[in-house]
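Scroll down for the structure; my scribbles are underneath it.
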Amino acid sequence: MKVLVADDDAITRRMVEGVLRRWGYDVVVAEDGDQAWASLQGDDAPQMAILDWQMPGLDGVEVCRRLRAQTGRPYVYVVVLTSRDTSQDLAQGAEAGADDYLVKPFDPPRLKMRVRAGLRILQLQAELMKSVENYKRADAELEQARVREVETGARIQQTLLLGQPPPGLFGARIAAITSPSQMIDGDFYDFFVHNESCFDVIVGDVMGKGIPGALIGAAVKSHLQRALSQLIYSDRGSLPEPEDIIAVVHSDVTKELIKLETFATLCYARFDRAKMKLTLVDCGHTATIHWQPSKDATRLLQGDNVPLGFIETETYKQIEQSFEPGDLFFFYSDGVTEAMSSTGEMFGVDRLRELIRRGGLIEPHKLIERVRAAVVAFTQSETFADDLTCVAVKMDEVPWGAPLVHAEIIVTSELNQLQKIRSFVSEAVERGEGAELDDEAHYQLLLAVNEAASNIVRHAHGGRSGETIVVSSDLFTDRIVIRLSHHGQPFDPATAKPPSFDGTREGGFGVYMIEQCVDEVQYLSEADGKNTIRLVKRESTR
10 MKVLVADDDA
20 ITRRMVEGVL
30 RRWGYDVVVA
40 EDGDQAWASL
50 QGDDAPQMAI
60 LDWQMPGLDG
70 VEVCRRLRAQ
80 TGRPYVYVVV
90 LTSRDTSQDL
100 AQGAEAGADD
110 YLVKPFDPPR
120 LKMRVRAGLR
130 ILQLQAELMK
140 SVENYKRADA
150 ELEQARVREV
160 ETGARIQQTL
170 LLGQPPPGLF
180 GARIAAITSP
190 SQMIDGDFYD
200 FFVHNESCFD
210 VIVGDVMGKG
220 IPGALIGAAV
230 KSHLQRALSQ
240 LIYSDRGSLP
250 EPEDIIAVVH
260 SDVTKELIKL
270 ETFATLCYAR
280 FDRAKMKLTL
290 VDCGHTATIH
300 WQPSKDATRL
310 LQGDNVPLGF
320 IETETYKQIE
330 QSFEPGDLFF
340 FYSDGVTEAM
350 SSTGEMFGVD
360 RLRELIRRGG
370 LIEPHKLIER
380 VRAAVVAFTQ
390 SETFADDLTC
400 VAVKMDEVPW
410 GAPLVHAEII
420 VTSELNQLQK
430 IRSFVSEAVE
440 RGEGAELDDE
450 AHYQLLLAVN
460 EAASNIVRHA
470 HGGRSGETIV
480 VSSDLFTDRI
490 VIRLSHHGQP
500 FDPATAKPPS
510 FDGTREGGFG
520 VYMIEQCVDE
530 VQYLSEADGK
540 NTIRLVKRES
550 TR
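For the sequence shown, the numbering used here assigns the number 10 to the initial residue and increments by one for each residue that follows.
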């Protein structure tokens with residue numbers, strides 16, 4: 010071990026140096042306090058210092074005081090060599106941070122005892138520091154593991170627990186966003202598509218944040234899906250009312266939520282485009298905002314029921330509200346309205362309603378981003394005290410009504426049936442009782458139908474023969490709608506990569522060709538497992 014000996018008296022300095030070297034120590038010498046201080050500042054500085062109290066420049070006590078004022082450097086064990094032996098002197102040295110002292114003229118056995126004591130203390134301190142470093146390393150590894158676990162949980166929540174707005178809904182556009190106060194939140198939403206004109210939107214908020222809130226949200230969402238499936242099965246495929254679904258979930262989860270001393274607010278909304286009607290069950294959730302462009306005004310839709318997990322005897326009732334093309338419905342969590350400014354003011358529902366009124370004409374995804382930006386500006390923070398969730402549902406301004414002519418055929422999932430499907434479509438086009446297509450539009454529709462049917466045979470049914478495909482046609486005054494329905498594997502157009510026209514990658518041309526040949530294409534999945542490709546071709550000339 011390296012030991013510093015600092016003394017302005019050459020005889021004392023050489024005596025101490027000689028004794029220490031005989032004992033096997035590596036000795037560094039200094040003739041005054043300034044040299045001693047410089048030696049103790051190097052990267053390979055001595056860990057023990059024997060300092061004379063009185064030296065030119067800095068004295069030993071001042072060097073010791075400066076050492077103790079430093080942070081982030083290894084500890085130096087200090088023995089003060091002094092002719093002062095009064096209690097007051099020793100107290101002054103101890104106050105400056107000296108670990109021990111030795112009175113001149115020094116006695117080699119006493120020096121040896123002091124040095125050995127210092128060595129043991131330094132060894133113990135080294136072991137302690139090693140233990141502390143190991144603890145810090147282990148703690149950092151645990152923290153990293155916890156962060157990775159939470160990040161994984163957040164990805165799972167985004168991909169599995171937060172439903173994705175269904176693409177291709179006829180006459181409706183949906184957008185959703187959630188900004189958790191922590192990496193994982195207790196808010197959740199989901200979407201159930203029953204057919205092309207009827208779908209459900211579910212928005213929930215669990216009391217509590219983080220992983221516990223997310224787990225309870227996942228459980229409630231799972232019970233909703235299970236209740237819907239059970240009721241459809243028990244009632245031979247008929248679609249249950251929202252209040253019946255909530256009643257089953259309430260029976261399943263309320264008692265357990267009470268035990269856990271938590272609850273979940275929930276809004277279950279069913280949109281029926283054919284009847285232009287919203288059916289809503291409000292389980293203590295924030296009021297839904299309904300914007301009506303015909304009146305340039307908003308209204309609040311809210312029921313009287315308490316959250317799930319409050320009262321076992323609660324009976325949940327649905328309310329109904331008609332709507333018109335162009336109307337917008339905005340669902341949100343209380344993380345929006347209860348967001349606070351620096352002065353303690355809440356964002357509030359009135360401010361939110363005005364935002365919706367002024368932004369009702371824009372695309373739903375732009376509207377929810379506008380709301381989030383408004384909350385950020387109001388709170389002056391990108392992080393929120395509570396989870397923030399928004400779902401916007403916009404009804405398109407499109408005509409709706411019964412088709413002039415409806416027809417359908419059932420074919421088997423074999424490629425040799427494609428000719429039969431094309432003939433069926435051509436008969437619908439040439440019927441002359443609805444929209445008229447010129448030769449090019451007729452050919453484009455046949456091309457899209459042929460490609461869609463081929464994909465069903467090859468991919469949805471995996472080339473298995475004997476499966477069935479239902480092909481239907483609906484003629485309207487301005488358009489022809491062709492549907493191809495099957496019970497094979499569903500297709501998500503979001504997973505299809507765009508075609509590579511330079512030949513660097515195969516695939517993607519079928520989906521691209523269908524999109525180019527028709528005016529609208531939707532891929533729909535219904536509750537009973539039926540999947541439908543819906544193709545719309547609008548009239549060429551009038």
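All C-beta atoms, glycine included, are put in the ideal place defined by N, C-alpha and C. Given the structure is predicted, the values throughout are model-derived calculations rather than measurements.
Would A450 and T486 be called neighbours here (beta carbons separated by less than 8 angstroms)? Indexing the sequence shown from 1 puts residue 450 at position 441. Indexing the sequence shown from 1 puts residue 486 at position 477. Not in contact: A450 and T486 (Cβ atoms no closer than 8 angstroms).
Is D244 near the ligand SAM, with its Cβ less than 7 angstroms from a heavy atom? For the ligand SAM, the structure offers nothing, since it holds no ligand at all.
Taking the C-alpha atoms as reference points, what is the distance between E26 and P83? Indexing the sequence shown from 1 puts residue 26 at position 17. Indexing the sequence shown from 1 puts residue 83 at position 74. Their backbone Cα atoms lie some 23 angstroms apart in a straight line.
Hey, how far is the Cα of G180 from the Cα of A461? Stepping through the sequence shown from its first residue, residue 180 is reached at position 171. Stepping through the sequence shown from its first residue, residue 461 is reached at position 452. Using only the alpha carbons, I get a separation of about 22 angstroms.
Name, in chain order, the residues that DSSP records as bridge partners for I542. The residue given as residue 542 occupies position 533 in the sequence shown. Under DSSP, I542 takes part in a beta bridge, and its partners are L493 and Y532.
Integer Cβ distance of V384 from F356, believed to fall under 8 angstroms: By 1-based counting over the sequence shown, the position of residue 384 is 375. By 1-based counting over the sequence shown, the position of residue 356 is 347. Cβ atoms of V384 and F356 come within 8 angstroms of each other, at about 6 angstroms.
Check each candidate in S350, M349 and Q301 and name the one with the smallest Cα separation from F332. Here residue 332 corresponds to residue number 323 of the sequence shown, with the count starting at 1. Looking at the Cα atoms, Q301 is the closest of the given residues.
Leaving out the 5 sequence neighbours to the left and right, which residues in its chain are closer than 8 angstroms to K429 when beta-carbon positions are compared? As a working note, residue 429 is residue 420 in the sequence shown. Counting only residues of its own chain and dropping the five nearest sequence neighbours on each side, K429 has a CB closer than 8 angstroms to the CB of I418 and V420.
Determine contact between the stretch 320–331 and the stretch 288–298, defined as no fewer than three beta-carbon pairs at a distance below 8 angstroms. Contact between the stretch 320–331 and the stretch 288–298 is present: 3 or more CB-CB pairs across the two stretches fall below 8 angstroms.
Own chain residues within Cβ distance below 7 angstroms of D43, not counting five before or after: What you label residue 43 is simply residue 34 of the sequence shown in a count that begins at 1. Residues G66 and L67 of the same chain have their beta carbon placed closer than 7 angstroms to that of D43, with the five preceding and five following residues left out of the count.
Within 10 angstroms of its Cβ, does T91 collect 16 or more other Cβ (buried), or is it exposed? Taking the first residue of the sequence shown as position 1, residue 91 is located at position 82. It counts as buried.
Run through DSSP, which three-state label would D17 get? Start at 1 with the first residue of the sequence shown, and residue 17 comes out as number 8. Looking at D17 - three-state DSSP - the assignment turns out to be coil, as it is neither helix nor strand.
Hey, quick one: how far does the beta strand (DSSP E) through W300 stretch, first residue to last? What you label residue 300 is simply residue 291 of the sequence shown in a count that begins at 1. Looking at the DSSP string, the run of the beta strand (DSSP E) that includes W300 is T297 to Q301.
Considering only their Cβ atoms, is the gap separating L533 from V202 smaller than 8 angstroms? Within the sequence shown, the letter at position 193 stands for residue 202. Within the sequence shown, the letter at position 524 stands for residue 533. Result yes, Cβ atoms of V202 and L533 sit closer than 8 angstroms.
Paired residues, beta bridge with A306 - DSSP: Here the question's residue 306 lines up with position 297 in the sequence shown. A306 is bridged by DSSP to Q301.
Quick one: what's got a C-beta closer than 6 angstroms to F339's C-beta in the same chain, skipping five residues either side? In the sequence shown, residue 339 corresponds to position 330, counting from 1. Excluding residues within five positions, the ones whose Cβ falls inside 6 angstroms are I298, I365 and A401.
Could you tell me the alpha carbon to alpha carbon distance between H495 and V480, rounded to whole angstroms? Reading the sequence shown from its first residue, position 486 is the one you call residue 495. Reading the sequence shown from its first residue, position 471 is the one you call residue 480. Cα to Cα, the separation comes out at about 9 angstroms.
Let me confirm a value: H470 is counted as buried when at least 16 other C-beta atoms fall within 10 Å, else exposed. Which label applies? Translated into the one-based positions of the sequence shown, residue 470 becomes position 461. Under this definition H470 is a buried residue.
Rounded separation between Y521 and D209 - CA only: On the sequence shown, residue 521 is found 512 positions in, with the first residue counted as 1. On the sequence shown, residue 209 is found 200 positions in, with the first residue counted as 1. If you draw a straight line from the Cα of Y521 to the Cα of D209, it comes to about 29 angstroms.
Confirm, please, whether the CB-CB distance from I186 to F200 is below 8 angstroms. What you label residue 200 is simply residue 191 of the sequence shown in a count that begins at 1. What you label residue 186 is simply residue 177 of the sequence shown in a count that begins at 1. Not closer than 8 angstroms, so no.
For Y144, list the residues DSSP reports as bridge partners. For the purposes of this step, residue 144 is identified with residue 135 of the sequence shown, where counting begins at 1. Beta-bridge pairing links Y144 to no other residue.
Which listed residue (E535, H415 and L275) has its alpha carbon closest to that of R488: The residue you call residue 488 lines up with position 479 of the sequence shown. Minimum Cα distance to R488 is reached at H415.
Between L361 and V345, is the Cβ-Cβ spacing less than 8 angstroms? The residue labelled residue 361 in the question sits at position 352 within the sequence shown. The residue labelled residue 345 in the question sits at position 336 within the sequence shown. Annotated as proximal: L361 and V345, with beta-carbon spacing under 8 angstroms.
With a threshold of 16 other CB atoms inside 10 Å of the CB of S342, please say whether the residue is buried or exposed. As a position in the sequence shown, residue 342 is number 333, starting the count at 1. Residue burial annotation: S342 is buried, with at least 16 other C-beta atoms found within 10 angstroms of its C-beta.
Identify every residue that forms a DSSP beta bridge with E417. Numbered from 1 along the sequence shown, position 408 holds the residue referred to as residue 417. S481, per the DSSP bridge assignment.
DSSP state of T324, grouped into three classes? The residue you call residue 324 lines up with position 315 of the sequence shown. Correct three-state label for T324: coil.
Mark E321 as exposed unless 16 or more other C-beta atoms lie within 10 angstroms of its C-beta, in which case mark it buried. Sequence index remark: in the sequence shown, residue 321 carries index 312 (1-based). Burial call: exposed.
Drop a sphere of 10 angstroms on the beta-carbon of R392, count the other beta-carbons inside from all chains shown, and report buried for 16 or more, exposed for fewer. Against the sequence shown, residue 392 aligns to sequence position 383. Looking at the sequence provided, one finds Thr at residue 392 rather than Arg. Around the beta carbon of T392, fewer than 16 other beta carbons lie within 10 angstroms, which makes this residue exposed.
Cut-off 7 angstroms between Cβ atoms - residues of its own chain near R1, not counting five sequence neighbours on either side: Nothing can be reported for residue 1, as the shown portion of the chain is limited to 10 through 551.
Is it true that the CB of Q453 sits closer than 8 angstroms to the CB of V530? For this step, residue 530 is matched to residue 521 along the sequence shown. For this step, residue 453 is matched to residue 444 along the sequence shown. Going by C-beta atoms, V530 is not nearer than 8 angstroms to Q453.
Measure how close the beta-carbons of A126 and D109 come, nearest whole angstrom, since I'm counting them as under 8 angstroms. For the purposes of this step, residue 126 is taken as the residue at position 117 of the sequence shown. For the purposes of this step, residue 109 is taken as the residue at position 100 of the sequence shown. That belief holds up - the Cβ atoms of A126 and D109 are roughly 7 angstroms apart, short of 8 angstroms.
Give me, in chain order, the residues of the same chain whose beta-carbon lies closer than 6 angstroms to that of T307; leave out the 5 immediate sequence neighbours on both sides. The residue labelled residue 307 in the question sits at position 298 within the sequence shown. Cβ neighbours of T307 beyond the five flanking positions: I298, W300, R362, I365 and R366.
For L60, which residues of its own chain have a beta-carbon under 7 angstroms away from its beta-carbon, when the five flanking residues on both sides are left out? Counted from its first residue, the sequence shown places residue 60 at position 51. Contacts found: A15, A45, G69, V72, C73, V87, V89 and L90.
Which two residues bound the contiguous alpha helix (DSSP H) that contains I267? Against the sequence shown, residue 267 aligns to sequence position 258. For I267, the uninterrupted alpha helix (DSSP H) segment begins and ends at P251 to K268.
Between F280, G195, E40 and M404, which has its C-alpha nearest D17's C-alpha? Translated into the one-based positions of the sequence shown, residue 17 becomes position 8. For D17, the closest alpha carbon among the candidates F280, G195, E40 and M404 is that of E40.
Is the distance from the Cβ of K145 to the Cβ of F197 below 8 angstroms? For the purposes of this step, residue 145 is taken as the residue at position 136 of the sequence shown. For the purposes of this step, residue 197 is taken as the residue at position 188 of the sequence shown. Cβ distance not < 8 angstroms, so K145 and F197 don't count as in contact.
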